[in-house]
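Novice: In this note's numbering, the protein residues as written are 53 to 723. All residues carry an ideal CB built from backbone N, CA and C; glycine is no exception. No experiment lies behind these values; they were computed from the predicted model shown.
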Ligand code: IVH
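1) Please name the residue or residues paired with residue 224 in a DSSP beta bridge.
2) Quick one, are the C-beta atoms of residue 606 and residue 581 less than 9 Å apart?
3) Throw me the rounded Cβ distance for the residue 180 and residue 211 pair, which I believe falls under 8 Å.
4) Quick check: is any heavy atom of the ligand IVH less than 8 Å from the C-beta of residue 223?
5) With respect to the alpha helix (DSSP H) encompassing residue 656, which residues constitute its N-terminal and C-terminal limits?
6) Around the Cβ of residue 493, are there at least 16 other Cβ atoms within 10 angstroms (buried) or fewer (exposed)?
7) Quick one: what's got a C-beta closer than 6 Å to residue 427's C-beta in the same chain, skipping five residues either side?
8) Which residue's Cα is closest to the Cα of residue 466: 452, 383 and 404?
9) Would you mind listing the beta strand (DSSP E) stretches within the segment 575-656 that are 3+ residues and don't spill past its ends, in chain order?
10) What whole-angstrom Cβ distance do residue 666 and residue 591 have, given they're in contact under 8 Å?
11) Which partner residues of residue 310 appear in the DSSP bridge assignment?
12) Does the distance between the C-beta of residue 255 and the nearest non-hydrogen atom of the ligand IVH fall short of 8 Å?
13) State buried or exposed for residue 700, treating a residue as buried only when at least 16 other CB atoms are found within 10 Å of its CB.
14) Where are the beta strand (DSSP E) runs, 3 residues long or more, that stay fully inside the segment 414-477, in chain order?
15) What span of residues does the beta strand (DSSP E) with residue 155 cover, start to end?
16) Closer than 8 Å: is that where the CB of residue 132 sits relative to any heavy atom of the ligand IVH?
17) So is the beta-carbon of residue 484 under 8 Å away from any non-hydrogen atom of the ligand IVH?
18) Does the Cβ of residue 195 lie closer than 8 Å to at least one heavy atom of the ligand IVH?
19) With which residues is residue 760 paired in a DSSP beta bridge?
20) Please identify the residue among 405, 231, 436 and 126 whose C-alpha is closest to the C-alpha of residue 372.
21) Along the chain, where does the beta strand (DSSP E) that runs through residue 691 open and close?
22) Which residues in the same chain as residue 677 place their Cβ atom closer than 6 Å to its Cβ, once the five residues preceding and following it in sequence are excluded?
23) Alpha carbon to alpha carbon, how far is residue 365 from residue 139? Give it in angstroms, no decimals.
24) Give the DSSP-derived three-state secondary structure of residue 76 in the structure shown.
25) By Cβ distance, which residues of its chain are closer than 6 Å to residue 402, with the 5 residues on each side in sequence left out?
26) Given 8 Å as the limit, is there contact between the segment 684-694 and the segment 656-663, that is, 3 or more CB pairs closer than that?
27) With DSSP as the reference, label residue 262 as helix, strand or coil.
28) Please confirm whether any heavy atom of the ligand IVH lies closer than 8 Å to the CB of residue 251.
29) Can you look up residue 520 in the DSSP assignment and give me helix, strand or coil?
30) For the candidate residues 282, 313 and 312, whose alpha-carbon lies nearest to that of residue 298?
31) Would you mind sorting residue 635 into buried or exposed? The rule is 16 or more other CB atoms within 10 Å of its CB.
32) Using three-state DSSP, classify residue 721 as helix, strand or coil.
33) Decide if the segment 528-541 is in contact with the segment 475-492; the criterion is three or more beta carbon pairs, one per stretch, under 8 Å apart.
34) State the Cα-Cα distance for the pair residue 227 and residue 130, rounded to the nearest angstrom.
35) Look up residue 504 in the DSSP assignment and say whether it is helix, strand or coil.
36) In three-state terms, what does DSSP make of residue 237?
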């Protein structure tokens, strides 16, 4: 029996360790399959010896029977709320109030933390074991959500390390990461079930269900940010050291938390995290500043249920309500008609918004948008503002349906919806001024011909003035320097700069030129693959759909688009005109697939790299290599970026070569 007990404890210890690596540190050490094997081994052993089962075993997260209602838990120490500041000025006033109260001229040391957009939780540990969890409730009494919280793998059932108090309450925010939220909503949509509006609602809806088996299926996690009751033990004397102590005991603590000096340090942090906000894997709605010294916190105390030593600095709201006054249709480069909402101006995401995208007709139908509706506008970071949803309860009786026009609002050509496509298109092609204008903007853009200084506004101006009607007219501007200089907001210097930029852009690369042509669905990566495969413009123009499909990444739809583009005489003429005007590039040596330098080699890409995986894949494939999804003995090398996980472990265990980003660059440039 002793043997079995030891075996059980060893397995549990191993699983706790790997659980912490995976869910708390986001840094798994072993592949998922190995974890699963250990887990099943423990399950089997426990099934054979049910008398040795313990509630803190890693197998005991799910399984409780559904509740009929939540019990209540009175918080030993109330869960307070935070005061708010909305501007730099209010933040400075907060800092001054603190210094006045402490009668201190010196800078205060603060801890700056993201304000997480989830729901607050209090976790109780006795002698290192998780005993219960309560929501905030009204701050005095919360709901007993212990069964549900047990299912969240990032929450330790038993503390790591040593030195924990006999009773310890840890407070934090339970939230749903953005990726998990999107996956969950995809799944719910597939099942035909109502989706969640945002990650916060999804987190709340997943935690406050009576059946913990539902919580267990939801991608919830936690960041801990404070302690409540502490009995029979000591905690460090600064807030930051307390967080470090919590991390050492196995709690998940947000990696963005920093110690900063004075109000200026706080404001710098606020700005910095604001620029990172969209790329964080979770939603935040501001920053929290907390006085670091616990002694000073105690001196400052509380006022009406909020600490004087902490405040939240909120970001401007990303969602606001307004009225949809009208809908217009914009025509893009490929003729696609995009419905654009004209809104009663509203301040959202830090700017005044009066236009927002409605994406396409399917979206309008899905969201059931009518003209006259009160709608919620969302502007997150630099993303184009969108109409997120409608408040149906506020629909006026004279609300109107939105209809796709039968004819292009710009050129009057017929509008069609090609079979199997979601978008409606103007059939005017290059007869439609809107399409031509967009095509010219794309041609001049940075990743295409990179005509420095020729932005969208200038293209519009040249177009309105009749100076350009077509992409090749751009290079005819070189002869019209005086005319350009005479335009509004131009002058001699700007005209000279533009002419220089045009001259410079004439010397390009084949892939840039192909991309600049704006063939539908030929992005940068495909343009590169085409350039490498065919080597010359002549070979590409001569290729038929079958030959085009041999290029990595080119499927039947893209092949048809390319073939159709080159079959049109005016496109071939444009290319010839551009060449006559001096646009040129270096050709590649076209090689049969077997002769390519990486022919026969197979690579796998993992982790975070500075370029997208698709891009790297296209580069490797253009050199003849294959790119596979999983590592095996046949893999030539694994290309591993940052935070590479189980694939890296597998490569190392199989003795497969591992290349970092620098080694990849060498491989690509020397092949
Ligand atoms: S500290 C006494 N830190 O904000 C201070 N709260 O408005 C107690 N929140 O109920 C809270 N991120 O749900 C703190 N880094 C953070 C936070 C945070 C989000 C939430 C929490 C609290 C609410 C207060």
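Specialist: Once the coordinates are examined:
1) Answer is 173 and 276, bridged to residue 224.
2) Between residue 606 and residue 581, the CB-CB gap stays under 9 Å.
3) That pair is a contact at about 4 Å.
4) For residue 223, the distance from the CB to the nearest heavy atom of the ligand IVH is below 8 Å.
5) Element bounds for residue 656: not the alpha helix (DSSP H) but the beta strand (DSSP E), 654-658.
6) Of the other Cβ atoms in all chains shown, 16 or more fall within 10 Å of the Cβ of residue 493; this residue is therefore buried.
7) Only 376, 439 and 442 meet the Cβ criterion.
8) Across the set 452, 383 and 404, the C-alpha of 383 shows the shortest separation from the C-alpha of residue 466.
9) Within the segment 575-656, the runs of beta strand (DSSP E) at least 3 residues long that lie entirely inside it are, in chain order, 636-638.
10) The C-beta distance from residue 666 to residue 591 rounds to 24 Å, too long to meet the 8 Å contact threshold.
11) BP columns for residue 310 point to 164.
12) Outside the cutoff, so no.
13) Its Cβ being crowded by 16 or more others within 10 Å, residue 700 is buried.
14) Whole beta strand (DSSP E) segments, 3+ residues: 426-430 and 438-442.
15) According to the DSSP assignment, residue 155 belongs to no beta strand (DSSP E), since it is labelled neither H nor E.
16) Yes, Cβ of residue 132 sits closer than 8 Å to a heavy atom of the ligand IVH.
17) Answer for residue 484: no, Cβ out of range of the ligand IVH.
18) Checking the Cβ of residue 195 against the ligand IVH gives no.
19) Because the chain spans 53 through 723 in this model, residue 760 falls outside it and cannot be assessed.
20) Looking only at 405, 231, 436 and 126, the smallest Cα-Cα distance to residue 372 is reached by 405.
21) In the DSSP assignment, residue 691 falls within the beta strand (DSSP E) that extends over 689-692.
22) Sequence-distant partners of residue 677 (beyond 5 residues in either direction) whose C-beta falls short of 6 Å from its own C-beta, in its chain, are 650, 653 and 655.
23) Straight-line spacing of the CA atoms in residue 139 and residue 365 works out to 7 Å.
24) In this structure, DSSP gives residue 76 a helical state, which the three-state scheme calls helix.
25) The beta carbon of residue 402 sits closer than 6 Å to those of 368, all from its chain and outside the five residues before and after it, given in chain order.
26) Inter-segment contact for the segment 684-694 and the segment 656-663 is present: three or more beta-carbon pairs are separated by less than 8 Å.
27) Here residue 262 carries a coil assignment [DSSP, helix/strand/coil].
28) Because no heavy atom of the ligand IVH lies under 8 Å away, the Cβ of residue 251 does not count as near it: no.
29) If DSSP states are grouped into helix, strand and coil, residue 520 belongs with coil.
30) For the residues 282, 313 and 312, the minimum Cα distance to residue 298 belongs to 282.
31) Residue 635 is buried by the Cβ-count criterion.
32) Residue 721 falls in the helix class under three-state DSSP.
33) Touching, no, given that fewer than three Cβ pairs across the two stretches are closer than 8 Å.
34) Cα to Cα, residue 227 sits roughly 21 Å from residue 130.
35) Residue 504: coil per DSSP, three-state reduction.
36) Three-state result, residue 237: helix.
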